[in-house]
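The structure under discussion appears below in the form of structure tokens.
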Amino acid sequence: MAVYDLLVIVHIIGTVLGVGAATFAEIHYTRFNSDDIITDDERKTLAVTYTVMRTGLFLLVISGFGFLLYLRLTEYTDLLTSATFLAKMTVVGVLVGNALLLQARIIPLAIGAAVSLTSWYAALILGSLRDTNASYIEILVYYIIAVVVVGVGLRWVRARLHAPKTI
Amino acid sequence: MTTTLAAVLIVHVLSGVIAIGIHNVVLMHLLKKAPNYVFVSRIAWSAVALFLLSWATSAYYYVTYYGTAVKPRILAGALPAGHAFFMETKEHIFLVLPFLAVSIALSVSYLRASPDDALRKSTAFLTLIALCVGAATAAAGVIVSGSI
Chain P
1 MAVYDLLVIV HIIGTVLGVG AATFAEIHYT RFNSDDIITD DERKTLAVTY TVMRTGLFLL
61 VISGFGFLLY LRLTEYTDLL TSATFLAKMT VVGVLVGNAL LLQARIIPLA IGAAVSLTSW
121 YAALILGSLR DTNASYIEIL VYYIIAVVVV GVGLRWVRAR LHAPKTI
Chain S
1001 MTTTLAAVLI VHVLSGVIAI GIHNVVLMHL LKKAPNYVFV SRIAWSAVAL FLLSWATSAY
1061 YYVTYYGTAV KPRILAGALP AGHAFFMETK EHIFLVLPFL AVSIALSVSY LRASPDDALR
1121 KSTAFLTLIA LCVGAATAAA GVIVSGSI
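First to last, the protein sequences are chains P and S.
Mapped onto our numbering, the consecutive letters of the first sequence carry residue numbers 1 to 167.
Mapped onto our numbering, the consecutive letters of the second sequence carry residue numbers 1001 to 1148.
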């Protein structure tokens, strides 16, 4: 198997684990928190989901730098300065920063969840598109709009699923 | 590029990226109120070893190949700032990283023996700085490679 194929496989596995775990982290958290109580079992389920997400992020970053090396060694370096690639790098950087801010409890969970979910899907979409006509700034503007839309959507879903308060 | 130089470049990039990732893990643990200092000090020293490895391999690559074969191509190409700004910045900022890594590892080793909340917070802040410097260095490396 060629090195490039191996990198593609690891990159896809990392993305699948990350996107899947980010999606299920939201689904689980929304369901578990609908009664305002997160039990020990629910907490353990969430912890496993976050571990899978971090594993995905690790595989994504390592294989991403593997691609960088491959492109450098094969002298095909145009991609490294393309708007899509730089935007994807930025989004992955936001994912890491967001995880740190959440861990330090500097940003509210609602904002962190919206950023995390949107960033994972943005990384998936930017990786699938490979290259677009949009500039780096345009891609980031779309990304910020998507974060806001996802944040509002998650808030709406959580409000709808939230158990009615007993009087 | 010879196979040895390619291997040196691969070791430089991967050891650097893994060391930055380790600092990310160190920071995540130091943000907890009661971190597992045994684990954190072990991985902090691993980061030191990896940064030194990345440092040594980058020095060999720069002296034997980059300066004579890559730098002139970047300066003559469409993105001369790849060397003139990003590499010049990267090669100076990168000098700081192993010393930051050693300071973090020493602090965490001290915390392992005598836990101290103020020192934990200060070490977390230092690790955040090391992480930002590391991420900026890695991003500069991508831009330098893309400028060839």
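Ideal Cβ placement from N, Cα and C applies to all residues, glycine included.
Integer-rounded CB distance, given that residue j should sit under 8 Å from residue i
i          : j          : result
S:Leu-1027 : P:Leu-100  : 6 Å
S:Val-1144 : S:Phe-1086 : 5 Å
P:Ala-122  : P:Arg-155  : About 19 Å; that fails the 8 Å criterion.
S:Leu-1126 : S:Leu-1100 : 7 Å
S:Val-1017 : S:Tyr-1061 : That pair is no contact at about 15 Å.
S:Gly-1067 : S:Ser-1147 : Incorrect: roughly 15 Å between the Cβ atoms, too far for contact.
P:Val-150  : P:Thr-118  : 5 Å
S:Val-1142 : S:Ala-1044 : No, S:Val-1142 and S:Ala-1044 are not in contact; Cβ-Cβ is about 26 Å, not under 8 Å.
S:Leu-1177 : S:Val-1102 : Outside the shown range of chain S, which is 1001 to 1148, sits residue 1177 of chain S, and nothing can be said about it.
S:Phe-1051 : S:Ala-1019 : 5 Å
P:Trp-120  : P:Gly-18   : 5 Å
S:Ser-1041 : S:Ala-1105 : 7 Å
Cβ-based burial, residue i [other Cβ within 10 Å; buried from 16]
i          : result
P:Tyr-76   : exposed
P:Thr-39   : exposed
P:Ala-2    : exposed
S:Ala-1078 : exposed
S:His-1092 : exposed
P:Leu-7    : buried
S:Lys-1090 : buried
S:Thr-1004 : exposed
S:Leu-1097 : buried
S:Ala-1130 : buried
P:His-162  : exposed
P:Val-115  : buried
Neighbour flag for residue i against chain A, beta carbons, 8 Å
i          : result
S:Val-1013 : Of the protein chains in this structure, namely P and S, none is chain A.
Separation of residue j from residue i, as counted between CA atoms
i          : j          : result
S:Asn-1024 : P:Ala-87   : 21 Å
P:Arg-31   : P:Leu-102  : 20 Å
S:Ala-1076 : S:Pro-1035 : 51 Å
P:Ile-12   : P:Leu-60   : 8 Å
P:Thr-132  : P:Tyr-142  : 13 Å
S:Arg-1112 : S:Val-1133 : 25 Å
P:Tyr-50   : P:Arg-72   : 33 Å
P:Val-94   : S:Leu-1014 : 21 Å
P:Thr-45   : P:Ile-27   : 12 Å
S:Ser-1058 : P:Tyr-70   : 17 Å
S:Tyr-1037 : S:Met-1001 : 43 Å
P:Ile-145  : P:Met-89   : 18 Å
P:Thr-74   : P:Leu-68   : 10 Å
S:Pro-1080 : P:Tyr-4    : 29 Å
S:Ala-1139 : P:Gly-66   : 14 Å
P:Ala-25   : P:Arg-43   : 11 Å
P:Val-52   : S:Val-1070 : 39 Å
P:Asn-35   : S:Ile-1074 : In the sequence under discussion, the amino acid at residue 35 of chain P is Asp, which differs from the Asn named in the question. Roughly 59 Å separates the two Cα atoms.
S:Ala-1072 : P:Glu-138  : In the sequence under discussion, the amino acid at residue 1072 of chain S is Pro, which differs from the Ala named in the question. Using only the alpha carbons, I get a separation of about 33 Å.
P:Gly-56   : P:Ser-63   : 11 Å
S:Lys-1033 : P:Phe-58   : 25 Å
P:Ser-128  : S:Ser-1046 : 35 Å
P:Asn-98   : S:Ala-1084 : 32 Å
S:Glu-1088 : P:Ile-9    : 35 Å
P:Val-152  : P:Arg-160  : 12 Å
Three-state class that DSSP yields for residue i in the structure shown
i          : result
S:Ala-1024 : Note that residue 1024 of chain S is Asn in the sequence shown here, rather than Ala. Three-state result, S:Asn-1024: helix.
P:Tyr-76   : coil
S:Leu-1095 : coil
P:Leu-7    : helix
P:Gly-14   : helix
S:Gly-1077 : coil
S:Thr-1089 : helix
S:Leu-1031 : coil
P:Ala-134  : coil
S:Thr-1002 : coil
P:Ser-168  : No answer is possible for residue 168 of chain P: it lies beyond the span of chain P, which begins at 1 and ends at 167.
P:Thr-39   : coil
S:Asp-1117 : helix
S:His-1012 : helix
P:His-162  : coil
S:Pro-1072 : helix
S:Ala-1105 : helix
P:Asn-98   : helix
P:Asn-33   : helix
P:Ala-2    : coil
P:Ala-104  : coil
P:Ile-139  : helix
S:Ser-1041 : helix
P:Ile-111  : helix
P:Ser-128  : helix
Taking a Cβ distance cut-off of 7 Å, strictly less, list which residues of the stretch 1020-1037 of chain S are near chain P, in chain order. Using a CB distance below 7 Å, the part of the stretch 1020-1037 of chain S facing chain P consists of Gly-1021, Asn-1024, Leu-1027, Met-1028 and Leu-1031, ordered along the chain.
Give, in chain order, every residue of the stretch 91-106 of chain P whose Cβ lies closer than 8 Å to some Cβ of chain S. Cβ contacts with chain S come from Gly-93, Val-96, Ala-99, Leu-100, Gln-103 and Ala-104.
For the stretch 1121-1136 of chain S, which residues have a beta carbon sitting closer than 9 Å to at least one beta carbon of chain P? Here the close residues are Ala-1124, Leu-1128, Leu-1131 and Ala-1135.
Which residues, taken in chain order from the stretch 35-48 of chain P, show a beta carbon closer than 8 Å to some beta carbon of chain S? Residues of the stretch 35-48 of chain P whose Cβ lies closer than 8 Å to any Cβ of chain S: none.
For the stretch 66-87 of chain P, enumerate the residues whose C-beta is nearer than 9 Å to any C-beta of chain S, in chain order. Against chain S - using a Cβ distance shorter than 9 Å - the residues of the stretch 66-87 of chain P are Gly-66, Leu-68, Leu-69, Leu-71, Arg-72, Leu-73, Glu-75, Thr-77, Asp-78, Leu-79, Leu-80, Thr-81, Ser-82, Phe-85 and Leu-86.
Closer than 8 Å between beta carbons: that is the criterion. Which residues of the stretch 50-64 of chain P meet it against chain S? Within the stretch 50-64 of chain P, the residues whose Cβ lies closer than 8 Å to any Cβ of chain S are, in chain order, Phe-58, Val-61 and Ile-62.
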